[in-house]
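Trainee: Here it is, the structure in full.
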Amino acid sequence: MTTHDKAIMGGGCGCGRTRYRVDREPIFVNNCYCALCQQQSGGTSAVYAYFEAEAVTVLKGNLVSYAARTASDLNQVVMQCADCGVTLLRQPHITGRHGISVLVGTLDDPWEVVPDAAIYVSERMPWVTLPEGIPAFDAYYDPDQLLPPERAARLRAVFARHHADQGQEA
Amino acid sequence: MTNGAAMEGGCACGAVRYRLTAAPIFVNNCHCSLCQRQTGSTSVVNIFIEKEALVLLTGTLSEHVVKAGSGGDHSICRCAACGTAMWSYYPRLGRLGAGLRAGTLDDPGKVRPDAIIFVADKMPWAALPDDIPQFETTYNPAELLPPERFARLKALIDRRAAGEG
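Protein sequences appear in the order of chains A and B.
Residues in the first sequence are numbered consecutively from 4, following the numbering used here.
Residues in the second sequence are numbered consecutively from 2, following the numbering used here.
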């Protein structure tokens, strides 16, 4: 968690026209087995790494946005490469413009990221085996209990900025 | 394998709906790096079926082309309204057979993979069920699939070789 000022990961779409870079370590990484993530990925689950919005920079390409629901966020924005349709980014409604998730499969080195948690495992396809050594939850978890203090603090800061946008107490 | 005639599915916004009028020929859970990138996830779960057995009931599809592992064109059909990927046409079967993303079924629990493929490329932390055959890359469908299902696949491959699709 010390590298905060340089590109530490790169990623892109299926055709190569859209590229992004990430300048920080993730605040958290979730492996979500909810039915809506199954539907949107076509696979067993989604794997996404969440960051402060400014940590992710789109370097080139054109994105198109769609509204989508998942179990953990009922109104998020899904961003796809306009040329090949591959989904790269998701912006959850709960933190507005201040937070963003990268779909881990679109990273150039997806093996460098390991989930902090497997979530909504109660909805998983019946034949699926859950990863060993990664905490699993029937629904979601309390980030203040699960995440290291420094990352939990970063998450609270993102929520605070979002609440300030809404004119509420953080 | 379940009776495919009972299976329907759709996209995230509900505009696209489809029905399967046959049981799957085979189901692959593919962990290759291209499937990771195209799904954003650990892997895809693809139901392969004759295209004529995959009926679009409602909605409009958009189509995008990416490269398949073989270097040929892999065409992904998505809901034009919400962008959810529904099914793919791969080079081997062309438009004669579709690879339908199992997560779009109303009840994805009705299907189970015949094989887990390209496990050599999998995300290191991803766990694999030990009661489904696993392959470093691909497998010989003549050896793995029951004869009736392999015959359906062979019929598509023969039609493709004859210039269809």
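Heads up, the beta-carbon is just placed ideally off N, CA and C, and yes, glycines get one too.
Source: prediction; values computed, not measured.
Is the Cβ of Asn-4 of chain B closer than 7 Å to any Cβ of chain A?
Mentor: Its pLDDT being 48, under 50, Asn-4 of chain B is placed unreliably in this model, and the value from its coordinates should be taken loosely. No, Asn-4 of chain B lies away from the interface with chain A (no Cβ there is under 7 Å from its Cβ).
Trainee: Buried or exposed: which applies to Glu-126 of chain A, given that a residue is buried once 16 or more other Cβ atoms fall within 10 Å of its Cβ?
Mentor: It counts as buried.
Trainee: Listed from N- to C-terminal order along the chain, which residues in the region 102 to 129 of chain B have their beta-carbon within a distance smaller than 8 Å of any beta-carbon of chain A?
Mentor: Flagged, chain order: Arg-102, Ala-103, Gly-104, Thr-105, Pro-109, Gly-110, Arg-113, Pro-114, Met-124, Pro-125, Trp-126, Ala-127, Ala-128 and Leu-129.
Trainee: Ser-48 of chain A versus chain B: which residues are under 7 Å apart at the beta carbon?
Mentor: Result: Ser-42 and Thr-43.
Trainee: Among B:Asp-115, B:Pro-148 and B:Pro-109, whose alpha-carbon lies nearest the alpha-carbon of Asp-132 of chain B?
Mentor: Per the Cα distances, B:Asp-115.
Trainee: Under 7 Å, Cβ to Cβ, is there at least one residue of chain B near Ala-71 of chain A?
Mentor: Yes, contact with chain B.
Trainee: Counting only beta-carbon separations shorter than 7 Å, does Thr-85 of chain B have a partner in chain A?
Mentor: Yes - at least one Cβ of chain A is within 7 Å of the one on Thr-85 of chain B.
Trainee: If I follow the unbroken beta strand (DSSP E) through Ala-99 of chain B, where does it start and stop?
Mentor: Where Ala-99 of chain B is concerned, the enclosing beta strand (DSSP E) stretches over 98 to 102.
Trainee: Just checking: is the beta-carbon of Gln-135 of chain B within a distance shorter than 7 Å of some beta-carbon in chain A?
Mentor: Chain A contact via Cβ: absent.
Trainee: Over what stretch of residues does the beta strand (DSSP E) that includes Ala-156 of chain A continue unbroken?
Mentor: From DSSP, Ala-156 of chain A is part of no beta strand (DSSP E) but of the alpha helix (DSSP H) over 152 to 168.
Trainee: Among B:Pro-92, B:Gly-10 and B:Leu-94, which residue has its Cα nearest to the Cα of Val-56 of chain B?
Mentor: Comparing Cα-Cα distances from Val-56 of chain B to each of B:Pro-92, B:Gly-10 and B:Leu-94, the minimum goes to B:Gly-10.
Trainee: Given this structure, state the Cα-to-Cα distance separating Glu-55 of chain A from Pro-29 of chain A, to the nearest angstrom.
Mentor: The alpha-carbon atoms of Glu-55 of chain A and Pro-29 of chain A are separated by roughly 8 Å.
Trainee: Any chance the CB of Leu-66 of chain A is under 6 Å from a heavy atom of the ligand NAD?
Mentor: Absent from the structure shown: the ligand NAD. Ligands present: none.
Trainee: Pick helix, strand or coil for Leu-154 of chain B, following the three-state DSSP scheme.
Mentor: Looking at Leu-154 of chain B - three-state DSSP - the assignment turns out to be helix.
Trainee: Please return the same chain residues whose Cβ sits closer than 6 Å to the Cβ of Tyr-144 of chain A, not counting the five positions on each side in sequence.
Mentor: Closer than 6 Å at the Cβ level, and outside the excluded window around Tyr-144 of chain A, lie Ala-120.
Trainee: Please classify Thr-21 of chain A: does DSSP put it in a helix, a strand, or coil?
Mentor: Coil.
Trainee: Can you confirm whether Thr-6 of chain A, when its beta carbon is compared against all beta carbons of chain B, has any partner nearer than 7 Å?
Mentor: Summary for Thr-6 of chain A: the model assigns pLDDT 44, below 50, so the residue's position carries little reliability; its value from the coordinates is reported in the next sentence. With 7 Å as the cut-off, Thr-6 of chain A does not count as an interface residue toward chain B.
Trainee: What's the gap between the Cα of Val-67 of chain A and the Cα of Val-66 of chain B?
Mentor: Between Val-67 of chain A and Val-66 of chain B, the C-alpha separation is close to 16 Å.
Trainee: With a 10 Å radius around its C-beta and 16 neighbouring C-beta atoms as the bar for buried, classify Asn-34 of chain A as buried or exposed.
Mentor: Buried.
Trainee: Closer than 8 Å, Cβ to any Cβ of chain B: which residues of the region 137 to 169 of chain A, in chain order?
Mentor: Within the region 137 to 169 of chain A, the residues whose Cβ lies closer than 8 Å to some Cβ of chain B are Ile-137, listed in chain order.
Trainee: Going by beta carbon distance, what residues of the same chain come within less than 8 Å of Arg-24 of chain A, once the five residues before and after it are set aside?
Mentor: Same-chain partners within the cutoff: Ala-10, Met-12, Gly-13, Gly-14, Val-59, Thr-60 and Leu-62.
Trainee: Quick check on Tyr-90 of chain B: buried or exposed, where buried means 16 or more other Cβ atoms within 10 Å of its Cβ?
Mentor: The residue in question, Tyr-90 of chain B, is buried, as its Cβ has 16 or more Cβ neighbours within 10 Å.
Trainee: Applying a beta-carbon distance threshold of less than 7 Å, which residues of chain B neighbour Ser-44 of chain A?
Mentor: By Cβ distance, chain B contributes Thr-40, Gly-41, Ser-42 and Gly-104.
Trainee: Whose C-alpha, out of A:Ile-97, A:Gln-41 and A:Arg-22, is nearest the C-alpha of Asp-168 of chain A?
Mentor: With distances taken between Cα atoms, Asp-168 of chain A lies closest to A:Ile-97.
Trainee: Going by the beta-carbon positions, is the gap between Val-50 of chain A and Val-107 of chain A smaller than 7 Å?
Mentor: The answer is yes: Cβ separation under 7 Å.
Trainee: Just the C-alpha distance for Val-46 of chain B and Lys-123 of chain B, rounded to the nearest angstrom, thanks.
Mentor: Distance between the alpha carbons of Val-46 of chain B and Lys-123 of chain B: 14 Å.
Trainee: Would the beta-carbon of Cys-14 of chain B fall within 7 Å of that of Cys-78 of chain B?
Mentor: In this structure, Cys-78 of chain B does not lie closer than 7 Å to Cys-14 of chain B by Cβ.
Trainee: In the structure shown, what three-state DSSP assignment does Asp-122 of chain B receive?
Mentor: Three-state DSSP puts Asp-122 of chain B in a helix.
Trainee: Tell me whether Ile-97 of chain A sits in a helix, a strand or coil according to DSSP, three-state version.
Mentor: In this structure, Ile-97 of chain A counts as helix in the three-state DSSP scheme.
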